[in-house]
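>
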Amino acid sequence: MAGLILALDVTDREKAINIANEVADYLHAIKIGWPLVMAAGMDIIDSLSQIKPIICDFKVADIPNTTKLIVREARNHGAMGIIVHGFVGRDSIKAAVDEAGKMKVYVVAEMSHPGALDFMQKHTDDIVLMAKEVGAAGLIAPATRPERITHIRSLAGDMEILAPGVGAQGGSAKEAIEAGATHIIVGRRIYEANEPAKAAKALYDELTL
Ligand code: O7M
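Residue numbers (this note's numbering): 4 to 212.
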């Protein structure tokens, strides 16, 4: 079943935990990245893991050895998944997959912002095929361009596809799922809402109707 992943890009530990608790019933997982980890420390992964599975969005883009060390830190703190960039090439992605153990590795295939058209989109197909070959669990593809999700799905087989860009960036949850995404990633539409639980429920209902 299609699921909702909260992008918890707040920079206050208490606020992060409060929002996570408030919306947990509607979530498949929580994605945290640099804004929250830099503000609250790596232990926030352990704390939030008590509420929902955590995907660390570190968008790792480094040589294999450094990639391995970063993946290990996320794993040691109990993350369920980690996000890495694909453009760094096969050896780095393989290092992430090899180090991940039970943790899922998600590879960024194409980003949701307009700048993704400058360089990244030209290499999306190669990134998808490489990620599939090295055994990554899933891909990141843009909810802002549902036709690109459909294209990426045609290459990705049964890999998971997580689609950010719903809400604040203009994408639609329903369209992303219909295009072939497995889950959607939503940040501001939920955590900036006056009533985060209500906003999360509306998205959840859109996915399950
Ligand atoms: O819903 P938003 O726009 O407030 O937040 C979207 C989240 O998804 C935010 O955490 C971004 O960093 C992330 N994201 C994108 O918006 N676009 C991408 O192409 C990729 C990501 C992402 O999660 O990459 C793993």
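The beta-carbon is built from N, C-alpha and C at its ideal position, and this holds for glycine as well.
For residue 144, collect the residues of the same chain with a Cβ closer than 7 angstroms to its Cβ; drop the 5 residues on either side in sequence, then sort them by chain order.
Once the five neighbours on either side are set aside, the close Cβ partners of residue 144 are 112, 113, 151, 152, 155, 164, 166 and 184.
> Please report the straight-line C-alpha distance between residue 20 and residue 51, rounded to a whole angstrom.
Near 7 angstroms, if we compare the C-alpha coordinates of residue 51 and residue 20.
> Give a yes or no on whether the C-beta atoms belonging to residue 85 and residue 108 are separated by under 7 angstroms.
yes
> Just list the residues that DSSP pairs residue 104 with in beta bridges.
Paired residues: none, contrary to the question.
> Any idea which residues DSSP pairs residue 60 with across the strands?
36
> According to DSSP, simplified to helix, strand and coil, what is residue 186?
strand
> Find the nearest neighbour of residue 194 within the set 14, 5 and 55, judged by alpha-carbon distance.
14
> Would you say residue 23 lies against chain D (beta-carbon separation less than 7 angstroms)?
Here chain D cannot be found, since the structure has a single protein chain.
> May I ask whether a heavy atom of ligand 1 can be found less than 6 angstroms away from the beta carbon of residue 189?
yes
> Apart from the five residues just before and just after residue 177, which ones in its own chain have a Cβ nearer than 7 angstroms to its Cβ?
209
> Taking all protein chains shown into account, decide if residue 39 is buried (16 or more other Cβ within 10 angstroms of its Cβ) or exposed.
buried
> Terminal residues of the continuous alpha helix (DSSP H) containing residue 22?
16-26
> Can you pull the DSSP bridge partners for residue 163?
141, per the DSSP bridge assignment.
> With distances taken from CA atoms, which of 149, 133 and 168 is nearest residue 158?
133
> Quick one: using the 10 Å Cβ neighbour count with 16 as the cut-off for buried, is residue 120 buried or exposed?
In this structure residue 120 is exposed. Its beta-carbon is surrounded by fewer than 16 other beta-carbon atoms within 10 angstroms.
> Can you check which of these residues, 206, 181 and 182, is closest to residue 192 by C-alpha distance?
206
> Are residue 57 and residue 82 closer than 7 angstroms when you measure CB to CB?
yes
> Using DSSP with H/G/I as helix, E/B as strand and the rest coil, what is residue 5?
coil
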